[in-house]
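Q: Counting from 3, one number per residue, gives the positions in the sequence shown under my numbering.
Beta carbons: idealized from backbone N, C-alpha and C, even for Gly.
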Amino acid sequence: MRRTFVLAVAACLCAVTVPVHTQTVRSLVNGGNDFYQDQRYPDAEIKYRKALEQDQQLLQGHFNLGNALYRQGKYDEAVRAYDAARKVANDARTRSNAAYNIGNAWMKAQQPQKAIQSYVDGLKLNPDDQEAKYNLSAALRLLQQQQQQQQQQNQQNKQNKDKQNKDQQNQQNQQQNKDQQKQQQQPQDQKQDQQQQRQPQQREKQISKADAERILDVLKNNERDIQKKRQAKPVGRARTDRDW
């Protein structure tokens, strides 16, 4: 049964055997392995790190530390641990296994492009690694899927941006239309105001003219009365105080 990339952590790496310089380092690694088997991965990580503090070239320590980090979901740290194991490894098979595990970590981190490169590196060292080939195919499919999703997202973003720009343009056009209508209405309103202002003035002029006509009629009537009075009075000598 073929393992998928989500499960494919080389189990044989936990059993990598290399010379151990001191009993203390051996005890730390063995203690880490015991914790790892019990799925106590943080405790296993501590043991492996302590062993590496005493021996930075310890292949088994780097490999098993990478596995413990991987199980905790610390994929970036696991990649560094596997890469350190690959650098200190002496044989092609071990370096291939390290590249394979690096590819698995990158897949877990949803970075298929890096995973593809790691699987290819491992297959160059071990072309018969069927699990690496299988995981490589899965990485290629994931990369294609991500690219399609990114393309769709870019297209959606462009459509949203175009719609936003169109809405803004429509708002600007509506505002411009309102401003133009306001400008067109303003002279007409002013004309109406002027007409309303002139109407009282015209009424005042009409009232003044009527008053003037009435005044003239009164003056004419008075003048006629005066003329009548003058015609009715007799003509004679002026009166004196003395009689001659």
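#1: Short check: CB of serine 98 to CB of glycine 68, under 7 Å?
#2: Below 7 Å between beta carbons: does that hold for alanine 94 and histidine 64?
#3: Between the alpha carbons of valine 90 and glutamate 47, how many angstroms are there, rounded?
#4: Mark threonine 96 as exposed unless 16 or more other C-beta atoms lie within 10 angstroms of its C-beta, in which case mark it buried.
#5: Does the Cβ of aspartate 40 have 16 or more other Cβ atoms within 10 Å, making it buried, or fewer, making it exposed?
#6: Beta-carbon within less than 6 Å of arginine 73's beta-carbon, same chain only, minus the 5 sequence neighbours each way: which residues are those?
#7: Taking Cβ to Cβ, would you say asparagine 103 is nearer than 7 Å to tyrosine 84?
#8: With DSSP collapsed to three states, give me the class of asparagine 92.
#9: Near threonine 26, which residues of its chain fall below 7 Å by C-beta distance, leaving aside the five closest residues on each side in sequence?
#10: Return the chain-ordered list of same chain residues with a C-beta closer than 7 Å to the C-beta of leucine 71, the five sequence neighbours on each side being excluded.
#11: Counting Cβ pairs closer than 8 Å, one from the segment 138–146 and one from the segment 161–180, do we hit at least three?
#12: Would you identify the three-state DSSP class for alanine 46, choosing helix, strand or coil?
#13: May I ask you to report which of helix, strand or coil DSSP gives proline 114?
#14: I'd like the list of long-range same chain contacts for phenylalanine 37, defined as Cβ closer than 7 Å, with 5 residues on each side in sequence excluded.
#15: For aspartate 131, count the other beta carbons within 10 Å of its own beta carbon; 16 or more makes it buried, fewer makes it exposed. Which is it?
#16: Measuring straight from C-alpha to C-alpha, what distance separates proline 114 and valine 122?
A: On the basis of the data shown:
#1: Locating residue 98 in the sequence shown gives position 96, where the first residue counts as 1. Locating residue 68 in the sequence shown gives position 66, where the first residue counts as 1. No, the pair does not count as a contact, with Cβ atoms beyond the cut-off.
#2: As a working mapping, residue 94 is identified with position 92 in the sequence shown. As a working mapping, residue 64 is identified with position 62 in the sequence shown. No, these two residues do not count as a Cβ contact at 7 Å.
#3: Taking the sequence shown and counting its residues from 1, one reaches residue 90 at position 88. Taking the sequence shown and counting its residues from 1, one reaches residue 47 at position 45. For valine 90 and glutamate 47, the distance between alpha carbons rounds to 19 Å.
#4: Numbered from its first residue, the sequence shown carries residue 96 at position 94. Looking at its Cβ environment, which holds 16 or more other Cβ atoms inside 10 Å, threonine 96 is buried.
#5: To locate residue 40, count along the sequence shown from 1; it is residue 38. Aspartate 40 comes out exposed.
#6: Along the sequence shown, read from residue 1 onward, the residue named residue 73 stands at position 71. These residues qualify, in order along the chain: Tyr43.
#7: As a working mapping, residue 103 is identified with position 101 in the sequence shown. As a working mapping, residue 84 is identified with position 82 in the sequence shown. It is a contact, given that the beta carbons lie within the stated cut-off.
#8: Counted from its first residue, the sequence shown places residue 92 at position 90. DSSP places asparagine 92 in coil when its eight states are reduced to three.
#9: Stepping through the sequence shown from its first residue, residue 26 is reached at position 24. Here the set comprises Gln56.
#10: On the sequence shown, residue 71 is found 69 positions in, with the first residue counted as 1. Correct list, in chain order: Glu47, Glu79, Ala80 and Ala83.
#11: no
#12: Residue mapping note: residue 46 aligns to position 44 of the sequence shown, counting from 1. Three-state DSSP puts alanine 46 in a helix.
#13: Within the sequence shown, numbered from 1, the residue matching residue 114 stands at position 112. Looking at proline 114 - three-state DSSP - the assignment turns out to be helix.
#14: Here residue 37 refers to the residue found at position 35 of the sequence shown. Asp45, Ala46 and Lys49, listed in sequence order.
#15: Translated into positions along the sequence shown, residue 131 becomes position 129. It is buried - the Cβ of aspartate 131 has at least 16 other Cβ atoms within 10 Å.
#16: Numbered from 1 along the sequence shown, position 112 holds the residue referred to as residue 114. Numbered from 1 along the sequence shown, position 120 holds the residue referred to as residue 122. Roughly 12 Å separates the two Cα atoms.
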